[in-house]
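Reading through the structure tokens given below for one structure.
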């Protein structure tokens with residue numbers, strides 16, 4: 003008993019220690035951009051905690067309401083101390099990570115596999131913009147809810163106990179209202195699983211129970227639709243679907259079909275962070291593609307998969323032969339994508355990710371076929387692979403031209419699927435020793451993600467999203483009490499020195515208006531200060547006001563006294579040029 007507790011403590015302590023080491027730099031990030039916007043919207047729409055439960059619930063049941071309510075409440079607890087927001091995000095990330103333990107352990111009966119799933123998700127670079135854009139932390143909460151939902155849903159099916167559907171449906175409801183924009187994959191995933199389960203069972207009673215489970219899920223979705231606005235406008239999904247079809251038709255008419263490869267390239271970037279790939283620049287020829295990318299990636303994949311085959315269930319040689327043949331076929335397809343779309347798909351990173359994504363997906367499909375009669379194993383493999391792909395397929399369909407790379411927030415749900423998939427491979431080991439060996443095979447992948455995550459965090463901090471730079475710059479902007487009393491909006495012009503564009507954007511202009519509205523307690527939209535980085539826009543705002551429409555302000559010239567100007571030199575040296583700018587404006591004819 004004591005030994006068991008010691009092992010559990012060691013597992014938990016290891017995850018906390020490694021994840022804290024990985025995520026600690028994020029505590030030095032600053033609030034920026036839409037973080038300010040959602041806090042401002044909370045203040046405008048709700049006010050404060052004292053507004054009461056009913057008003058908060060009404061706001062929560064809207065498309066972006068959960069982020070606004072969450073950030074608004076945190077603002078009342080932390081004020082604008084960015085560190086505490088990112089610590090909260092880290093804790094919610096841990097909640098999402100540990101929520102993978104029940105479902106992984108239930109399907110594998112293997113603590114080492116479940117431990118890996120939790121550890122991988124806690125440190126992965128995949129979907130890291132969910133942390134970077136801290137208001138997205140509600141996605142972690144939703145992933146935690148949906149993972150626990152899947153656990154109870156599976157228990158209801160496996161143990162034939164309807165009672166487990168009660169917590170399942172509650173968790174499903176909470177997941178959807180907390181982050182409906184990240185839950186698009188859930189219903190298609192459940193339908194796919196139920197179809198496969200029915201294929202395995204071929205039992206009328208089981209089919210009826212499947213229908214009951216799916217009916218409860220659909221009824222819950224309809225309940226969410228008709229009791230709130232979590233899904234947005236009723237026509238939004240259909241409009242996006244049609245928009246995606248129109249874009250796809252346009253590309254195909256242009257002879258461009260590289261966008262069809264994007265889902266599998268994104269699939270590859272979920273497992274291997276694009277930033278650490280040794281391949282950069284453009285692919286100059288098919289020969290260059292084959293020698294510099296195809297051969298090394300294929301060689302590594304063949305060696306790893308061959309070794310993996312030896313450690314797992316007694317897989318015959320013909321299995322590996324088929325796997326190798328399919329990877330060759332995929333390699334040819336990838337080369338065709340490159341050759342037919344050189345102008346749009348010549349990036350070395352994109353082509354590498356396409357190869358990696360295809361190889362891993364083929365391996366997953368082969369393992370599903372091999373283990374289709376093993377219900378728990380096949381369920382885990384199908385669930386994880388389908389969850390990864392379906393999690394961003396809707397977003398890709400809406401914007402087919404978008405290739406989502408590793409850190410994109412749309413991939414955060416896919417990261418949960420990847421954690422389960424990799425943990426499933428560990429559980430396939432023929433013996434405990436083999437399982438440990440497979441775990442050790444994946445340790446370099448963990449190290450890659452830890453390194454990539456910390457590298458990305460430090461890059462964000464140095465490029466203008468860090469608190470040190472942010473605080474020093476904003477301390478240089480004088481507090482101007484009369485701004486809140488002016489009848490018209492104030493204009494703040496910012497220019498850089500040609501080397502600090504990212505800092506100018508991340509630390510100042512991105513989210514400037516809601517940030518200023520909060521600092522000066524301005525609630526009237528036509529009086530909220532605006533940031534401009536074009537001198538021509540400033541001149542137009544003062545002379546004829548035409549440019550103001552671009553900023554959501556009525557076309558009415560701004561007084562020169564409402565103009566303030568600053569220049570950023572280096573990383574954090576902000577110079578006040580207001581007097582010179584106003585004198586310059588007076589000379590404009």
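In our numbering, the protein residues as written are 3 to 591. Beta carbons are placed, not taken as given, at the ideal position from N, Cα and C, and that holds for glycine. Bear in mind the structure is a predicted one, so any value in this text is a computation, not a measurement.
From the options, pick the residue whose C-alpha is nearest to that of residue i; which is it?
i, options, result
"residue 194", "387, 6 and 349", "387"
"residue 226", "59, 336 and 6", "59"
"residue 431", "143, 112, 374 and 71", "112"
"residue 219", "181, 173, 256 and 233", "173"
"residue 558", "565, 544 and 564", "544"
"residue 262", "138, 404, 442 and 136", "404"
"residue 342", "137, 420 and 258", "258"
"residue 448", "411, 275 and 217", "275"
"residue 215", "320, 271 and 155", "155"
"residue 411", "285, 132, 8 and 522", "132"
"residue 579", "565, 572 and 588", "565"
"residue 179", "330, 221 and 232", "232"
"residue 330", "315, 309, 311 and 364", "364"
"residue 273", "337, 357, 350 and 548", "357"
"residue 309", "253, 444 and 588", "444"
"residue 143", "96, 477, 11 and 52", "96"
"residue 107", "442, 378, 507 and 540", "378"
"residue 527", "539, 230, 546 and 550", "550"
Is the distance from the Cβ of residue i to the Cβ of residue j below 8 Å?
i, j, result
"residue 127", "residue 352", "no"
"residue 265", "residue 355", "no"
"residue 496", "residue 568", "yes"
"residue 381", "residue 109", "yes"
"residue 119", "residue 421", "yes"
"residue 68", "residue 149", "no"
"residue 513", "residue 400", "no"
"residue 116", "residue 425", "yes"
"residue 125", "residue 455", "yes"
"residue 390", "residue 269", "yes"
"residue 33", "residue 82", "yes"
"residue 466", "residue 509", "yes"
"residue 534", "residue 493", "yes"
"residue 383", "residue 369", "yes"
"residue 2", "residue 321", "Residue coverage of the chain in this structure runs from 3 to 591, which leaves residue 2 outside it and unanswerable."
"residue 570", "residue 498", "yes"
"residue 475", "residue 574", "yes"
Go ahead and pull the three-state DSSP assignment for residue i.
i, result
"residue 375", "coil"
"residue 501", "coil"
"residue 1", "Residue 1 cannot be examined here, being either before or after the span of the chain that is shown, 3 to 591."
"residue 493", "strand"
"residue 544", "helix"
"residue 578", "strand"
"residue 70", "helix"
"residue 348", "coil"
"residue 284", "strand"
"residue 534", "strand"
"residue 430", "coil"
"residue 336", "helix"
"residue 325", "helix"
"residue 566", "strand"
"residue 409", "coil"
"residue 31", "strand"
"residue 234", "coil"
"residue 314", "strand"
"residue 342", "helix"
"residue 129", "coil"
"residue 468", "strand"
"residue 43", "helix"
Compute the beta-carbon to beta-carbon distance between residue i and residue j, rounded to the nearest angstrom, for a pair I have assumed lies under 8 Å.
i, j, result
"residue 1", "residue 515", "Residue 1 cannot be examined here, being either before or after the span of the chain that is shown, 3 to 591."
"residue 328", "residue 307", "Incorrect: roughly 11 Å between the Cβ atoms, too far for contact."
"residue 301", "residue 440", "Wrong, their Cβ atoms sit about 20 Å apart, outside the cutoff."
"residue 98", "residue 35", "Not really, about 23 Å apart at Cβ, beyond 8 Å."
"residue 199", "residue 517", "Incorrect: roughly 51 Å between the Cβ atoms, too far for contact."
"residue 223", "residue 189", "7 Å"
"residue 491", "residue 532", "6 Å"
"residue 340", "residue 303", "Not quite, the Cβ-Cβ distance comes to about 18 Å (not below 8 Å), so this is no contact."
"residue 452", "residue 24", "5 Å"
"residue 437", "residue 114", "6 Å"
"residue 177", "residue 151", "6 Å"
Do three or more CB pairs link the region 25–37 to the region 76–88 at distances below 8 Å?
yes
Touching by the beta-carbon criterion (3+ pairs, under 8 Å), the region 548–555 and the region 472–488
no
Any contact between the region 274–285 and the region 415–422? By contact I mean 3 or more CB pairs, one from each, below 8 Å.
no
Would you check if there are 3 or more beta carbon pairs closer than 8 Å linking the region 474–482 to the region 38–48?
no
Take every Cβ of the region 10–29, pair it with every Cβ of the region 67–81, and state whether three or more of those distances are shorter than 8 Å.
no
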